[in-house]
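Read in order, the letters of the sequence shown are residues 1 to 422 in full-length UniProt numbering.
Okay, so here's the structure we're looking at.
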Amino acid sequence: SYLVLIEFETVAEPIGVCYGRVAKNLPPDPEVSEALKYLKWVQAIKEEMKALEKNQTWTLETIPRGKKTIECRWVFTIKHNAYGSIERYKARLVAKGYTQTYGSRWTQVFLGIEVARSQQGIFLSQRKYVLDLLTDIGMLYCKPADTPIVQNHHLGEYPDQVPTNKERYQRLVGRLIYLSHTRPDIAYAVSVVSQFMHSPSEDHMNAVLRILRYLKSAPGKGLMFSKHGHLNIDGYSDVDWAGNVTDRKSTSGYFTFVGGNLVTWRSKKQNVVALFSAEADISNIELIIVVQNQDIQSLGNDIGAATALLENNVLNYFPDVKFRYLAVGNEINPQDAEAKYVLSAMQNIKTTIASAHLQDQIKVSTAIDMSLLGSSYPPSAGSFSKAASSYINLIITFLASNGSLLLANVYPYFSYIGDTKC
Numbered sequence: 001s002y003l004v005l006i007e008f009e010t011v012a013e014p015i016g017v018c019y020g021r022v023a024k025n026l027p028p029d030p031e032v033s034e035a036l037k038y039l040k041w042v043q044a045i046k047e048e049m050k051a052l053e054k055n056q057t058w059t060l061e062t063i064p065r066g067k068k069t070i071e072c073r074w075v076f077t078i079k080h081n082a083y084g085s086i087e088r089y090k091a092r093l094v095a096k097g098y099t100q101t102y103g104s105r106w107t108q109v110f111l112g113i114e115v116a117r118s119q120q121g122i123f124l125s126q127r128k129y130v131l132d133l134l135t136d137i138g139m140l141y142c143k144p145a146d147t148p149i150v151q152n153h154h155l156g157e158y159p160d161q162v163p164t165n166k167e168r169y170q171r172l173v174g175r176l177i178y179l180s181h182t183r184p185d186i187a188y189a190v191s192v193v194s195q196f197m198h199s200p201s202e203d204h205m206n207a208v209l210r211i212l213r214y215l216k217s218a219p220g221k222g223l224m225f226s227k228h229g230h231l232n233i234d235g236y237s238d239v240d241w242a243g244n245v246t247d248r249k250s251t252s253g254y255f256t257f258v259g260g261n262l263v264t265w266r267s268k269k270q271n272v273v274a275l276f277s278a279e280a281d282i283s284n285i286e287l288i289i290v291v292q293n294q295d296i297q298s299l300g301n302d303i304g305a306a307t308a309l310l311e312n313n314v315l316n317y318f319p320d321v322k323f324r325y326l327a328v329g330n331e332i333n334p335q336d337a338e339a340k341y342v343l344s345a346m347q348n349i350k351t352t353i354a355s356a357h358l359q360d361q362i363k364v365s366t367a368i369d370m371s372l373l374g375s376s377y378p379p380s381a382g383s384f385s386k387a388a389s390s391y392i393n394l395i396i397t398f399l400a401s402n403g404s405l406l407l408a409n410v411y412p413y414f415s416y417i418g419d420t421k422c
């Protein structure tokens, strides 16, 4: 059964009609006036301002006569963890670069990205950014390195590691992450050193300095966008096996070409341990276990049944299999005999999951019957009928309190494929 995840942003009190948005359309980006009505967004704004002040992002300057400042705007994002739950609310203050008047220092002063146009195409680089970075840390005249990271490196966390300056390490890695937006050649190396931001050692710092020495060898490398006479989309991916020496997790990577030009790339350590090399390629697949409708009553009445369900269907396969949800029933209608046991079954299963200390990895939910909807178009703004409120409100309150998502089958919406209003 195909499932779509729906998340409810706030449940402050019993709801008669609830609005959700399809997870694909998340995160929301409210206007400032709307965001200021919610405490979590206000806290996110305060955190951003504190970070900007701590990092001394700005310096006070006198505006030259006849010049105007570039205004700013707030961008709001909801960050989710690997299991789909809300991790934090993030606010960013960004400059309206599109309002800047084109001039001789356009690329150097604001964007930090140099754009060169020729008959061959458009070339993007951050040469000045690299040279400024090397100058700031006193490495402009360092000995260049041929590669950004040592082959078959053994970077990890060890009991006898010698700590280094954490603030300096985080600042350098942060600048390298920004640089990797036009330098896919350092993407893997940067992804490795970024794993130790919480507790860096001298070995980790030396790895960062090696990336900088590699940049010294070719500060002007960048991205070339040319016409190739087609718009084909080509993607490539690869993965190592148990490459991390600390937890033996694998690292996967991919890059995508559109029209022969590189547009996306990423290198990321996987969340689970792969038992063999082939499994490393598919270990990011997450499963949803659906409890059959006829089993709901026994699960709701007997927590022992919930314990047996978890042991037989989850614990025997965890962590080799990556579970995301335990869905209690499928399309239960409030008039069905099983309806009155759905919530208690969800609560019992949640209790057993918590006793196994897996509440952060596995969430509990249920797949709703479409008859509960009072409005279903467009799908991203559907609402529940008032007649279903007595049944669905308690379930939504349970989901909201545990950071779970509401599930719905996708097949009723197949006819909307291609509808831009969805």
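Where a beta carbon is used, it is the ideal one built from N, C-alpha and C, also for glycine.
Item                                                                                                                                                                 : Value
Which of the three DSSP states, helix, strand or coil, is assigned to residue 91?                                                                                    : strand
Taking residue 262 as part of the beta strand (DSSP E), name the residues at either end of that continuous run.                                                      : 261-269
Could you tell me the distance, in whole angstroms, from the CA atom of residue 61 to the CA atom of residue 94?                                                     : 18 Å
Mind reading off the beta-carbon distance from residue 203 to residue 161? Whole number of angstroms is fine, and I expect it under 8 Å.                             : 7 Å
Would you tell me roughly how many angstroms separate the C-alpha atoms of residue 186 and residue 292, rounded to the nearest one?                                  : 48 Å
Give the DSSP-derived three-state secondary structure of residue 114 in the structure shown.                                                                         : strand
Suppose only complete runs of 4+ residues qualify. What are the alpha helix (DSSP H) ranges in the stretch 144-204, listed by chain order?                           : 166-179 and 187-193
Leaving out the 5 sequence neighbours to the left and right, which residues in its chain are closer than 6 Å to residue 234 when beta-carbon positions are compared? : 257
When the Cα of residue 123 is compared with those of 261, 255 and 143, which residue comes out closest?                                                              : 261
Distance, Cα to Cα, residue 37 vs residue 392?                                                                                                                       : 26 Å
Buried or exposed for residue 79, going by 16 or more other Cβ atoms inside 10 Å?                                                                                    : exposed
Where do the N-terminal and C-terminal ends of the alpha helix (DSSP H) with residue 346 fall, by residue?                                                           : 339-355
For residue 226, which option in 251, 243, 236 and 259 has the closest C-alpha, if you only look at C-alpha atoms?                                                   : 259
Pick out whichever of 332, 399 and 190 has its Cα sitting closest to the Cα of residue 251.                                                                          : 190
How about the stretch 387-401 and the stretch 64-77: do they share at least three Cβ pairs that are nearer than 8 Å?                                                 : no
Which residues bound the beta strand (DSSP E) around residue 220?                                                                                                    : Segment: none, residue 220 is in no beta strand (DSSP E) and carries neither H nor E.
Rounded to the nearest angstrom, what separates residue 109 and residue 91 at their Cα positions?                                                                    : Reliability fails at residue 109, whose pLDDT of 45 lies under 50, so the model's placement of it is uncertain and the value that follows must be treated cautiously. Going from the Cα of residue 109 to the Cα of residue 91 covers about 24 Å.
Whose CA, out of 154, 174, 249 and 289, lies closest to the CA of residue 317?                                                                                       : 289
Helix, strand or coil: how does DSSP classify residue 227 here?                                                                                                      : coil
Looking at residue 214 and residue 145, is the spacing between their C-beta atoms short of 8 Å?                                                                      : yes
Among 358, 399, 85 and 126, which residue has its Cα nearest to the Cα of residue 221?                                                                               : 126
Check the C-beta distance from residue 367 over to residue 338 and give it rounded, since I have them as a contact under 8 Å.                                        : Residue 367 to residue 338, Cβ: 13 Å. No contact.
Take residue 27 and list the residues in its own chain whose beta-carbon comes closer than 6 Å to its own, dropping the five residues that flank it on each side.    : With a pLDDT of 38 at residue 27, under the threshold of 50, the modelled position of this residue cannot be trusted, and the question is left open.
Quick check: the Cα distance between residue 383 and residue 268, rounded to an integer number of angstroms?                                                         : 37 Å
Determine the direct distance from the alpha carbon of residue 117 to that of residue 369, and round the result to whole angstroms.                                  : 56 Å
Answer yes or no: do residue 351 and residue 303 have a C-beta to C-beta separation smaller than 8 Å?                                                                : yes
Could you tell me the alpha carbon to alpha carbon distance between residue 311 and residue 297, rounded to whole angstroms?                                         : 19 Å
I'd like to check one pair, residue 163 with residue 211: are the Cβ atoms closer than 8 Å?                                                                          : no
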